[in-house]
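Peer 1: According to this note's numbering, the sequence shown is numbered sequentially starting from 148.
C-beta: ideal position from N, C-alpha, C; glycine also.
Since this is a predicted model, take the numbers as computed values, not measurements.
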Amino acid sequence: MRFLFLLLMLVSTSVFAESREAALLNKLPADLHGFMAGGGVQGFGDARLGAATGYQLIDGATKATLTIIVFDAGMGPIDDGVASPVTGKAYSMALGDIRAQERLGKYQGVKELSNGVVDLADRKAYLAHLNYLLQLDTAPGVDVHSWLVMTGLQGYMVKIRMTGNDAQFDQARALQIANTVIALLKN
148 MRFLFLLLML VSTSVFAESR EAALLNKLPA DLHGFMAGGG VQGFGDARLG AATGYQLIDG
208 ATKATLTIIV FDAGMGPIDD GVASPVTGKA YSMALGDIRA QERLGKYQGV KELSNGVVDL
268 ADRKAYLAHL NYLLQLDTAP GVDVHSWLVM TGLQGYMVKI RMTGNDAQFD QARALQIANT
328 VIALLKN
């Protein structure tokens, strides 16, 4: 009987325990530079894929989304910054995912405006700026700017994707948001 009790405790602890990735994301505030959280932190059902959270910004005609994913692709621990080749490969795959959406017709005319390594406040990160038409089911395509930031942090990769319909959603703002996210996840 004691064995059964211990087994049940072990199973319930593993089922209901919050993943470390989710715990990191749960540090983030409900309001992040005007973006409001929605839907909470979500897991993907595969530990390698980590956890994600999403935010939305709606300010008059300006609409934008912010998605933050913390994961290790089953290759952890991941080095901080861009030192790990795993982070570079994941970044390339994320850019490939955008191109896949273009092939599916969800994005049209994807232009890579910039792509490289930048300095965040305390680490290096990959950064890409893209522009494309986002195809919506109910309306004509919307011209959007999308920023992809990826870096290693505390044994994981952090992927930050900001997409909005305002050209003023520039690199300075993208880096400001990325620096805030990294600072909050670190503490």
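In the DSSP assignment, what are the bridge partners of H276?
Peer 2: Looking at the DSSP assignment, H276 forms a beta bridge with S261, W294.
Peer 1: Less than 8 angstroms between the beta carbons of A272 and M297, yes or no?
Peer 2: Yes, Cβ-Cβ distance for A272 and M297 is below 8 angstroms.
Peer 1: Between the C-alpha atoms of V265 and S231, what's the straight-line distance to the nearest angstrom?
Peer 2: When rounded, the distance between both Cα atoms is 15 angstroms.
Peer 1: Give the range of the alpha helix (DSSP H) segment to which V328 is assigned.
Peer 2: Element bounds for V328: 318-333.
Peer 1: Mind pulling the beta strand (DSSP E) runs of 3 or more residues that sit fully within the stretch 198-257?
Peer 2: Qualifying beta strand (DSSP E) stretches, in chain order: 198-206, 209-218.
Peer 1: Would you check if the distance between the CB atom of K333 and the CB atom of L300 is smaller than 8 angstroms?
Peer 2: Going by C-beta atoms, K333 is nearer than 8 angstroms to L300.
Peer 1: Quick one: measure Cβ to Cβ for G181 and L204, integer angstroms, because I've assumed they're closer than 8 angstroms.
Peer 2: Rounded, the Cβ-Cβ distance is 5 angstroms, consistent with contact.
Peer 1: If we ignore side chains and look at the alpha-carbon of each, how far apart do M240 and D193 end up?
Peer 2: Cα to Cα, the separation comes out at about 18 angstroms.
Peer 1: Excluding five sequence neighbours on each side, which residues of the same chain lie with their C-beta closer than 7 angstroms to the C-beta of P224?
Peer 2: So the qualifying residues of the chain are G302.
Peer 1: Select from A220, L274, T214 the residue whose C-alpha is nearest the C-alpha of G228.
Peer 2: Among A220, L274, T214, the Cα nearest to that of G228 is on L274.
Peer 1: How long is the line joining the alpha carbons of I216 and R195, rounded to whole angstroms?
Peer 2: Cα to Cα, I216 sits roughly 12 angstroms from R195.
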